[in-house]
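Report on the structure given below.
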Amino acid sequence: MKNLPLDQLGPHESAPGMVDFGILLPWVSATLGNRLFVKIIHERDQFIQAIQPLSFELQHGINADYGDIWSVKVDFNTVHDSQSGSHFGSPSRHVYRFELHNPNVGILDWIVDPFAREYAAGKLSAFTLGYIPYVWSTEEESWKTPALHDLILYELNLAEFGGSLEEAIDRLAYLADLGVNALSVMPVSNVSLEVDWGYLPLGYFGVDERFGRRDDFQRFVDEAHRRGLAVVVDVVYGHTGEDFPYADLYRRLQYHENPFMGSFTKDYFGVSTDFNRDLTRDFFYSVNRHWLDTYHVDGFRYDCVPNYWDGALGIGYANLVFHTYEYVRDSLDGLTRFDAPEGPRLIQIAEQLEAPEQILEQSYSNTTWQNATFSAATACARGAAGAIENLGHRLGALGYIEQATQNGETLVKAPLQYIENHDHSRFLCEFGLHHRDWNPLFAEGNRANWYRLQPYLIALLAAKGIPMLWQGQEFGENYFVPDSGLGRVLLLRPLRWDYFYDEAGKNLVKLTRSLVSLRKNCTELRRGDHYFHNDYDRYLSRGILLFQREDAAAVSLIAVNFTGIEQRVPFVFTRAGNYIEQLHGQDNFAVEERQERWLTVPSNYGRVWRSA
Numbered sequence: 053m054k055n056l057p058l059d060q061l062g063p064h065e066s067a068p069g070m071v072d073f074g075i076l077l078p079w080v081s082a083t084l085g086n087r088l089f090v091k092i093i094h095e096r097d098q099f100i101q102a103i104q105p106l107s108f109e110l111q112h113g114i115n116a117d118y119g120d121i122w123s124v125k126v127d128f129n130t131v132h133d134s135q136s137g138s139h140f141g142s143p144s145r146h147v148y149r150f151e152l153h154n155p156n157v158g159i160l161d162w163i164v165d166p167f168a169r170e171y172a173a174g175k176l177s178a179f180t181l182g183y184i185p186y187v188w189s190t191e192e193e194s195w196k197t198p199a200l201h202d203l204i205l206y207e208l209n210l211a212e213f214g215g216s217l218e219e220a221i222d223r224l225a226y227l228a229d230l231g232v233n234a235l236s237v238m239p240v241s242n243v244s245l246e247v248d249w250g251y252l253p254l255g256y257f258g259v260d261e262r263f264g265r266r267d268d269f270q271r272f273v274d275e276a277h278r279r280g281l282a283v284v285v286d287v288v289y290g291h292t293g294e295d296f297p298y299a300d301l302y303r304r305l306q307y308h309e310n311p312f313m314g315s316f317t318k319d320y321f322g323v324s325t326d327f328n329r330d331l332t333r334d335f336f337y338s339v340n341r342h343w344l345d346t347y348h349v350d351g352f353r354y355d356c357v358p359n360y361w362d363g364a365l366g367i368g369y370a371n372l373v374f375h376t377y378e379y380v381r382d383s384l385d386g387l388t389r390f391d392a393p394e395g396p397r398l399i400q401i402a403e404q405l406e407a408p409e410q411i412l413e414q415s416y417s418n419t420t421w422q423n424a425t426f427s428a429a430t431a432c433a434r435g436a437a438g439a440i441e442n443l444g445h446r447l448g449a450l451g452y453i454e455q456a457t458q459n460g461e462t463l464v465k466a467p468l469q470y471i472e473n474h475d476h477s478r479f480l481c482e483f484g485l486h487h488r489d490w491n492p493l494f495a496e497g498n499r500a501n502w503y504r505l506q507p508y509l510i511a512l513l514a515a516k517g518i519p520m521l522w523q524g525q526e527f528g529e530n531y532f533v534p535d536s537g538l539g540r541v542l543l544l545r546p547l548r549w550d551y552f553y554d555e556a557g558k559n560l561v562k563l564t565r566s567l568v569s570l571r572k573n574c575t576e577l578r579r580g581d582h583y584f585h586n587d588y589d590r591y592l593s594r595g596i597l598l599f600q601r602e603d604a605a606a607v608s609l610i611a612v613n614f615t616g617i618e619q620r621v622p623f624v625f626t627r628a629g630n631y632i633e634q635l636h637g638q639d640n641f642a643v644e645e646r647q648e649r650w651l652t653v654p655s656n657y658g659r660v661w662r663s664a
């Protein structure tokens, strides 16, 4: 894969007041009668009827790798707008779009710049005249991305978590205090709507204006790193929104083929991107490099991988994550945050729910979403037959490799473990819904059942793999999310921070903090072996899930009780020692090897005994 000539694409202020524009438009040539214009207006003037944008014609050229390229230099020092009240040329943000004059279909306006670094409302690209690059803190130089097995992930939607990047930055201290050490941020790339999950992008090289500007996200990453929080961004490469310029323009031109878009493997969502095209492959590789270099992110969560997964040796997903890894590995002098004795710590998360075990074995992804644990927990909450046994296996990451050797390099691997994420209703909804009115979109999980979440949290945060919390899970957020329809993505569900202070919130936050601290302080919970005590008569039939995590230094025995009745069950200890209960310091004891002891497990709760 090649890095696109980004210094020639998008707007660049090459000298004070001098802005160069460049855009690749393969198959759109001046020799065929095309003319291309960029229309620019100051951001403050865009909604003023009497002030219209100024238009500048681009010149056509040929790029040796990608074909037709158009460019123009606009000198804001000499170009002046005679329209009364215009702010054109003032040192601040301007918005722009392209307009194509084509001899066959006429004038095509409102063409987004695929290489824009900033965005404005709707389908407008933007740039800041006199932009001052962000200055990273001195602490950023020493920041290290956590090792894979040490990750405790927290997924968040910026619009719901804080409303903006500024407000999200104010909440970073809370997340650090909670104990998580990595954030998985839902897409921040440009979309056309003000309320949107972000999975139908129009622009990839910057932050959508509804969150803030590029230096706002750089500061968000900087502040996160200062607090010990890695930042993983959610990226959408297998499909785009309909108004993405390479989809929109060539459709309006009525071309039978497209140099960027088209069916590749599967077409689940949006308009599919065609990884058979050099431009497509190099574009998304360049996006990755841009976010690594410009925004200092620690990795990527790749959405809807089936749309561009064509096998381990294919030119789609596997090729992209390999070349991204290769770029980091070969750039460790500059990307020092990834440098570690075990190899580069770049985080690459696949959302490949159809074959998550395969994606870890056959690609440079080092972790993956997988819904098996989520589904098993859901079945358990519903009282399905065999659900506790299935959950026990899933918490042990059954079927997943722990490392893989590829091209002579050994990569650590692990699946994500979660019972909540942005795609589904809150887990509280499994215990009963409260209907606020006639509209099912506003149903909620009944928070009176908060205590039933406790055994699931205990099991999750002691599980093998990488635990992930979805924003507000730690204080019992209870939104319902429909399985289909626009109500999933076009309804804002802001976190109700007041939940933090009620009985449910206080108890769940306290438990979450204890469990996260325990995981961070106990190596066996992060890296140790997992053994599920799959005994129907002793445990499963009584609603008890019992497993242990151990390494050479320590063993932790985890017992959770999904029933509303306190249970006493026998257990034969395989390792002698003094066992200290970690959640409340109660029921401590000493045992000999192979000694049987009766354990008391509270209702809708659990115990964690540890011997070191």
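Mapping of the sequence shown onto this note's numbering: position 137 corresponds to residue 189, and the numbering continues sequentially without gaps.
Where a beta carbon is used, it is the ideal one built from N, C-alpha and C, also for glycine.
Quick one: measure Cβ to Cβ for residue i and residue j, integer angstroms, because I've assumed they're closer than 8 Å.
| i | j | result |
| --- | --- | --- |
| VAL247 | LEU544 | 5 Å |
| PHE483 | ALA433 | 6 Å |
| PHE623 | ARG649 | 6 Å |
| PHE584 | LEU560 | PHE584 to LEU560, Cβ: 25 Å. No contact. |
| TYR148 | SER177 | 6 Å |
| GLY444 | PHE599 | 6 Å |
| ARG659 | GLU618 | In fact, because the Cβ distance is near 11 Å, the residues do not count as touching under 8 Å. |
| GLY255 | HIS291 | Actually they do not touch by this definition, with Cβ atoms about 15 Å apart. |
| SER608 | ALA514 | 7 Å |
| LEU203 | ASN233 | 6 Å |
| SER144 | LEU84 | At roughly 38 Å, the Cβ-Cβ gap does not stay under 8 Å, so SER144 and LEU84 are not in contact. |
| TRP502 | ALA439 | Actually they do not touch by this definition, with Cβ atoms about 21 Å apart. |
| VAL157 | LEU301 | Contact flag wrong, Cβ pair sits at about 11 Å. |
| LEU331 | PRO78 | 6 Å |
| PRO534 | LEU485 | Incorrect: roughly 12 Å between the Cβ atoms, too far for contact. |
Which residues in the same chain have their Cβ closer than 6 Å to the Cβ of residue i, if we skip the five residues on either side of it in sequence?
| i | result |
| --- | --- |
| ARG579 | HIS201 |
| SER236 | LEU205, GLU207, VAL284, ARG353 |
| GLN101 | none |
| ASN86 | VAL80, ASN154 |
| ASN442 | ALA428 |
| LEU210 | ALA220, PHE263 |
| LEU480 | GLY497, ASN530 |
| TYR369 | VAL357, TYR360, TRP361 |
| ARG96 | HIS139 |
Would you call the CB atoms of residue i and residue j closer than 9 Å?
| i | j | result |
| --- | --- | --- |
| GLY280 | ALA228 | yes |
| GLY258 | ARG266 | yes |
| ASP222 | ASP286 | no |
| HIS132 | PHE179 | no |
| HIS474 | TRP249 | yes |
| ALA11 | GLU109 | Residue numbering for the chain in the displayed model covers 53 to 664; residue 11 lies beyond these limits and cannot be assessed. |
| GLN516 | GLY451 | Sequence check: residue 516 is Lys here, not Gln. Not a contact, by the Cβ cut-off of 9 Å. |
| ILE610 | ALA456 | no |
| ASP350 | LEU398 | yes |
| GLY666 | ASN656 | Missing from the structure shown is residue 666; the chain here goes from 53 to 664 and no further. |
| ASP668 | SER189 | The chain is shown only over 53 to 664; residue 668 falls outside these bounds and no answer can be derived. |
| GLY629 | ALA664 | yes |
| LEU542 | GLN506 | no |
| VAL39 | PHE150 | The structure shown does not extend to residue 39, since the chain is modelled only from 53 to 664, so the question has no answer here. |
| LYS54 | TYR508 | no |
| GLY74 | ILE114 | no |
| LEU76 | LEU88 | no |
| LYS175 | ARG389 | no |
Counting only the same chain and skipping the five closest in sequence on each side, list residues whose C-beta sits under 8 Å from that of residue i.
| i | result |
| --- | --- |
| GLY314 | SER324, THR325, ASP326, ASN328, ARG329 |
| ARG646 | VAL624, PHE625, THR626 |
| ILE453 | GLU409, LEU412, GLU413, LYS465 |
| ILE367 | PHE327, ASN328, ARG333 |
| GLU403 | ARG353, TYR354, ASP355, CYS356, VAL357, THR420, TRP421 |
Who are the near neighbours of residue i in its chain, counting only those whose CB is closer than 7 Å to its CB and skipping five residues on each side?
| i | result |
| --- | --- |
| ASN340 | PHE352, THR376 |
| request: Please go through the region 57 to 140 and give each complete beta strand (DSSP E) segment of 3 or more residues, from N-terminal end onward. | output: Listed in chain order, the beta strand (DSSP E) runs fully inside the region 57 to 140 are 64 to 67, 70 to 76, 87 to 94, 106 to 109, 111 to 115, 119 to 127, counting runs of at least 3 residues.
| Whole runs of the alpha helix (DSSP H) within the region 430 to 507, excluding any shorter than 4 residues | If we require 4 residues or more, the alpha helix (DSSP H) runs fully inside the region 430 to 507 come out as 439 to 447.
| Inter-stretch contact (C-beta, 8 Å, three-pair minimum) for the region 363 to 379 and the region 336 to 344 | Contact holds: three or more Cβ-Cβ distances are below 8 Å.
| Sequence ranges, alpha helix (DSSP H) only - wholly within the region 232 to 302, length at least 4 | Here the runs fully enclosed are 266 to 278.
| request: Mind the definition here: the region 463 to 471 touches the region 421 to 435 only if three or more C-beta pairs lie below 8 Å; say whether that holds. | output: Yes, since at least three Cβ pairs between the region 463 to 471 and the region 421 to 435 fall closer than 8 Å, the two stretches touch.
| request: Spell out a yes or no on whether the region 154 to 174 and the region 65 to 72 are touching, meaning 3 or more CB-CB pairs, one atom from each, closer than 8 Å. | output: No, the region 154 to 174 does not touch the region 65 to 72.
| task | Could you tell me which uninterrupted alpha helix (DSSP H) segments, each at least 4 residues in length, are contained entirely in the region 392 to 417, listed from first to last along the chain? | result | Listed in chain order, they are 408 to 414.
| 4 or more residues per run - each alpha helix (DSSP H) lying fully within the region 183 to 238 | Restricted to the region 183 to 238, the alpha helix (DSSP H) segments that are unbroken, complete and at least 4 residues in length are 210 to 213, 217 to 222, 224 to 230, listed in chain order.
| Pairing CB atoms from the region 405 to 414 with CB atoms from the region 552 to 572, are three or more of them under 8 Å? | In this structure the region 405 to 414 does not touch the region 552 to 572; the number of beta carbon pairs closer than 8 Å is below three.
| query | Fully enclosed by the region 144 to 185, which beta strand (DSSP E) runs are 3 residues long or longer? | reply | If we require 3 residues or more, the beta strand (DSSP E) runs fully inside the region 144 to 185 come out as 145 to 154, 158 to 163, 170 to 172, 176 to 180.
| field | Contiguous beta strand (DSSP E) assignments of at least 3 residues, all confined to the region 313 to 361 | value | Taking only runs of at least 3 residues, the beta strand (DSSP E) segments lying wholly in the region 313 to 361 are 351 to 354.
| Which whole runs of the alpha helix (DSSP H) in the region 586 to 643 are 4 residues long or more, in chain order? | The region 586 to 643 contains no whole alpha helix (DSSP H) run of 4 or more residues.
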